[in-house]
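Undergrad: Its first residue numbered 67, the sequence shown is counted upward by one per residue in our numbering.
Virtual Cβ for every residue (Gly too), placed ideally from N, Cα, C.
Predicted model only: the values in this text are computed from it and were never measured.
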Amino acid sequence: MTNTNTSYEKAVILKPPLKWAGGKRWLVPHLLPVWQRNNNRRLVEPFCGGLAVTLGLMPDQALLNDFNQHLVNFFNQVKSGLIIDFPMENDKELYYQYRDKFNKLLKEGKQHSAEAAGLFYYLNRTGFNGLCRFNQKGFFNVPFGRYKKITYRREFSPYAEPFRNWSFQSQDFEEIRVEQGDFIYADPPYDVDFTQYSEKTFNWEDQERLGRWLADHKGPVVLSNQATERVVELYKSLNFKLHYLDGPRRISCTGERTPAKEVLAVKGIDEN
Ligand SMILES: C[S@@+](CC[C@H](N)C(=O)[O-])C[C@H]1O[C@@H](n2cnc3c(N)ncnc32)[C@H](O)[C@@H]1O
């Protein structure tokens with residue numbers, strides 16, 4: 067149990083650099099006690115998203131994966147010292163100009179460049195709700211956002227230190243090479259999902275495939291998901307221990323603000 071306080075202070079200070087749907091920053095205080103008993107292990111996040119949890123737990127070693135290659139390119143470029151040198155403004159005309167530029171890079175096969183990462187950052191901060199959506203031809207099509215004021219970053223040096231021992235990959239979760247002592251925290255798209263995270267949707271077969279993959283892991287595992295009946299049944303049948311939490315309040319279709327029930331499915335962890 068090393069550097070508990072420093073980890074938590076850093077967690078409070080170092081905010082995720084991007085806006086990302088499904089961020090689990092609110093879960094960090096629930097995960098910290100379990101993580102702190104295992105923080106000598108490598109943290110593996112098969113669905114790292116915007117890194118809200120990783121930056122909260124501050125592991126020394128981590129393998130961070132997400133199917134979204136633009137997101138992962140951005141993290142890899144930050145790790146290599148990304149500096150954004152083009153003008154950034156909350157301006158509609160400029161936004162569409164940069165969106166075209168980003169799509170041109172994708173067309174030219176330059177999606178893994180520093181320029182693509184810089185534009186991705188700008189589009190993420192300036193576009194509607196930080197969404198990441200592509201049309202059928204694979205081009206980014208999120209409209210201009212509705213923010214009053216945006217503070218942009220040009221350099222990302224605060225992230226350089228923790229990123230040094232973190233590796234970033236972009237593939238389907240099942241392709242990741244985990245080692246038996248790894249601590250896995252898995253935060254897949256919700257079973258019932260209102261947001262579209264990437265071109266590929268995550269269906270029920272994927273949820274089941276994930277359950278089996280996690281059950282096969284020899285080391286500690288924590289999974290978070292919406293506590294739908296079938297998710298609960300799936301993880302019960304795989305002998306996980308379940309804990310229920312109230313998620314942040316969400317506005318339902320009737321306009322009611324009800325907290326979504328969240329489940330943490332846990333395995334291979336001494337919880338005492
Ligand atoms: C709920 S979000 C993760 C949010 C993250 N825990 C955070 O706090 O920012 C789920 C992520 O899974 C990714 N994803 C979807 N399908 C995937 C797959 N088959 N393999 C790996 N990642 C996938 C999406 O791109 C998305 O970023």
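Would the beta-carbon of Ile-216 fall within 8 Å of that of Gly-184?
TA: Cβ atoms of Ile-216 and Gly-184: not closer than 8 Å.
Undergrad: Anyone know if the C-beta pair for Asn-134 and Pro-112 falls short of 8 Å?
TA: For Asn-134 and Pro-112, no; Cβs fall outside 8 Å.
Undergrad: Beta strand (DSSP E) containing Leu-93: first to last residue?
TA: Taken as a continuous stretch (DSSP letters only), Leu-93 belongs to no beta strand (DSSP E), as it is neither H nor E.
Undergrad: Measuring only the C-alpha atoms, how far is Gln-102 from Gly-334?
TA: Looking at the two C-alpha atoms, the distance is approximately 15 Å.
Undergrad: Which stretch, first to last residue, makes up the alpha helix (DSSP H) that contains Val-138?
TA: Looking at the DSSP string, the run of the alpha helix (DSSP H) that includes Val-138 is 135 to 145.
Undergrad: Given a cut-off of 8 Å on the beta-carbon distance, is the pair Leu-308 and Tyr-301 in contact?
TA: Closer than 8 Å, so yes.
Undergrad: Quick check: Lys-90 and Ala-128, are their CB atoms within less than 8 Å of each other?
TA: Cβ distance not < 8 Å, so Lys-90 and Ala-128 don't count as in contact.
Undergrad: With hydrogens ignored, establish whether the beta-carbon of Phe-113 is closer than 7 Å to any heavy atom of ligand 1.
TA: Phe-113 Cβ: within cutoff of ligand 1.
Undergrad: Alpha carbon to alpha carbon, how far is Val-138 from Leu-330? Give it in angstroms, no decimals.
TA: Cα-Cα distance, rounded: 26 Å.
Undergrad: In the DSSP output, what is Ile-149 paired with across the bridge?
TA: Glu-221, per the DSSP bridge assignment.
Undergrad: Would you identify the three-state DSSP class for Ser-264, choosing helix, strand or coil?
TA: Because Ser-264 sits at a pLDDT of 48, beneath the cut-off of 50, its placement in the model cannot be relied upon, and the following sentence gives the value as read from the coordinates. Looking at Ser-264 - three-state DSSP - the assignment turns out to be coil, as it is neither helix nor strand.
Undergrad: To the nearest angstrom, report how far apart Gly-88 and Thr-120 are at their CA atoms.
TA: Going from the Cα of Gly-88 to the Cα of Thr-120 covers about 14 Å.
Undergrad: Please confirm whether Arg-107 and Gly-204 have their CB atoms less than 8 Å apart.
TA: Contact flag unset, no.
Undergrad: Could you say which of Pro-83, Leu-189, Pro-286 lies nearest to Gly-211 if we only look at CA atoms?
TA: Among Pro-83, Leu-189, Pro-286, the Cα nearest to that of Gly-211 belongs to Leu-189.
Undergrad: Under 6 Å Cβ to Cβ from Gly-196, same chain only, skipping five residues before and after it: list those, please.
TA: Cβ within range, chain order: Lys-85, Asn-190.
Undergrad: Which one or two residues does DSSP pair with Ser-37 in a beta bridge?
TA: Since the first residue of the chain shown is 67 and the last is 338, residue 37 is not available in this structure.
Undergrad: In whole angstroms, what separates the C-alpha of Tyr-251 from that of Arg-278?
TA: Distance between the alpha carbons of Tyr-251 and Arg-278: 15 Å.
Undergrad: In the DSSP assignment, find the unbroken alpha helix (DSSP H) run with Tyr-188 in it and report its ends.
TA: Looking at the DSSP string, the run of the alpha helix (DSSP H) that includes Tyr-188 is 180 to 192.
Undergrad: Would you give the residue range spanned by the beta strand (DSSP E) that Gln-235 belongs to?
TA: Unbroken beta strand (DSSP E) run through Gln-235: 232 to 235.
Undergrad: Rounded to whole angstroms, how far is the Cβ of Phe-234 from the Cβ of Asn-169, which I believe are closer than 8 Å?
TA: Not quite, the Cβ-Cβ distance comes to about 23 Å (not below 8 Å), so this is no contact.
Undergrad: Mind checking Gln-163: buried by the 16 CB within 10 Å criterion, or exposed?
TA: Answer is exposed; the Cβ neighbour count stays below 16.
Undergrad: Tell me Lys-307's beta-bridge partners as DSSP assigns them.
TA: DSSP, once it has assigned bridges, lists Val-332 as partnering Lys-307.
Undergrad: Name the two residues that bound the continuous beta strand (DSSP E) containing Val-119.
TA: Taken as a continuous stretch (DSSP letters only), Val-119 belongs to no beta strand (DSSP E), being part of the alpha helix (DSSP H) at 118 to 123.
Undergrad: Indicate, with yes or no, if ligand 1 has a heavy atom lying under 7 Å from the CB of Ala-118.
TA: Ala-118 Cβ: within cutoff of ligand 1.
Undergrad: Let me check understanding here. Comparing Cα to Cα, which of Pro-286, Lys-81, Glu-271, Lys-214 lies closest to Arg-296?
TA: Among Pro-286, Lys-81, Glu-271, Lys-214, the Cα nearest to that of Arg-296 is on Glu-271.
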